[in-house]
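Asker: In the working numbering, the protein residues as written are 3 to 48.
One structure coming up, written as structure tokens, with questions to follow.
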């Protein structure tokens with residue numbers, strides 16, 4: 003909810019800095035890439 007409030011008040015970049023949004027986003031992206039790599043190997047098993 004804080005993100006929505008910040009967006010309405012035009013303070014989204016400030017919210018991102020204060021909430022470590024970038025760090026969380028990078029972690030989510032890394033996990034997505036890792037899962038994509040794993041899923042191709044797992045689906046090739048017979």
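Beta carbons: idealized from backbone N, C-alpha and C, even for Gly.
Source: prediction; values computed, not measured.
With DSSP as the reference, label residue 4 as helix, strand or coil.
Answerer: For the purposes of this step, residue 4 is taken as the residue at position 2 of the chain shown. DSSP places residue 4 in helix when its eight states are reduced to three.
Asker: Give the secondary structure of residue 11 by DSSP, where H, G and I count as helix, E and B as strand, and everything else as coil.
Answerer: As a working note, residue 11 is residue 9 in the chain shown. Residue 11 falls in the coil class under three-state DSSP.
Asker: What does the alpha-carbon distance come out to for the pair residue 29 and residue 22?
Answerer: Reading the chain shown from its first residue, position 27 is the one you call residue 29. Reading the chain shown from its first residue, position 20 is the one you call residue 22. Taking the straight line joining both Cα atoms gives about 11 Å.
Asker: Can you grab the Cα-Cα spacing for the pair residue 7 / residue 13, in whole Å?
Answerer: Translated into the one-based positions of the chain shown, residue 7 becomes position 5. Translated into the one-based positions of the chain shown, residue 13 becomes position 11. Cα to Cα, the separation comes out at about 8 Å.
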